[in-house]
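Comments concern the structure below.
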Amino acid sequence: MMSHVQPTIDRKDTDIAIIHAGTNSLTHKDFKNMSTQDIARSIINIGEKCRDGGINEVVFSNLVKRDYIKNPSRINEIFSNAIKRKNMKNRSKINEQNDHLKLMCNELSFGLIDNSNILDTDLSTDSLHLSFIGTCKLANNFINYINHLQNSSNN
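The sequence shown runs 234 to 388 under this note's numbering.
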């Protein structure tokens, strides 16, 4: 995942980085046998690399929480640090993952965008990707966070 952020760091004119680790990233083979704390640490490492590269404000975005999977056969294929499922074992891992990410963001002074306003009804028919409305909500969450930063710096 580090290779994805390097071009942004190399530009040297980036003031803020918002890191949204998607479900596809978290199902990657590199994370398969890692604990939820280790996965969160790997995600945080991206933020530290950004900060070390001169990006002043690094923010992480929580993934969308879901209690409902429209296609039950996909339950075992889908793993995300913020998808809630009826499967209690996975739900427990997801909650742990979110807790670790939040704790690490607080400890290292990284921002954290809350996407709890995105509901399962904002998912596309595959129950994995955001629908148009879900994408708009995610974008608005990012915009609202950036606006909050700008307003805070003006005061």
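Glycine included, every Cβ here is placed at the ideal spot set by N, Cα and C. The structure presented is a predicted model; accordingly, all values stated were derived computationally and were not measured.
For residue i, which residues in the same chain have their Cβ closer than 6 angstroms to its Cβ, ignoring the five residues on either side in sequence?
i	result
Leu338	For clarity, residue 338 is Cys in the given sequence; the question names Leu instead. Here the set comprises Phe293, Leu345.
Tyr378	Ile346
Ala254	Ile276
Arg274	none
What is the DSSP secondary structure of residue i, reduced to helix, strand or coil?
i	result
Ala250	strand
Lys344	The amino acid at residue 344 is misidentified as Lys; the sequence shows Gly. Looking at Gly344 - three-state DSSP - the assignment turns out to be strand.
Leu361	coil
Ser294	strand
Ser349	coil
Lys245	coil
Near residue i, which residues of its chain fall below 7 angstroms by C-beta distance, leaving aside the five closest residues on each side in sequence?
i	result
Leu371	Asn348, Ile351, Leu363
Cys369	none
Less than 8 angstroms between the CB atoms is what I'm expecting for residue i and residue j, so what's the real figure, rounded?
i	j	result
Ile252	Gly280	6 angstroms
Thr269	Glu329	4 angstroms
Gly367	Asp359	12 angstroms between Cβ atoms; not a contact.
Lys176	Val238	As shown, the chain starts at 234 and ends at 388. That puts residue 176 outside it, with no answer to give.
Short of 8 angstroms in beta carbon distance, which residues of its chain neighbour residue i, apart from the five on each side in sequence? Order them along the chain.
i	result
Glu290	Asp248, Ile249, Ala250, Gly344, Leu382
Tell me residue i's beta-bridge partners as DSSP assigns them.
i	result
Leu356	Leu363
* Taking one C-beta from the stretch 278 to 286 and one from the stretch 236 to 247 each time, how about it: are there three or more such pairs within less than 8 angstroms? -> yes
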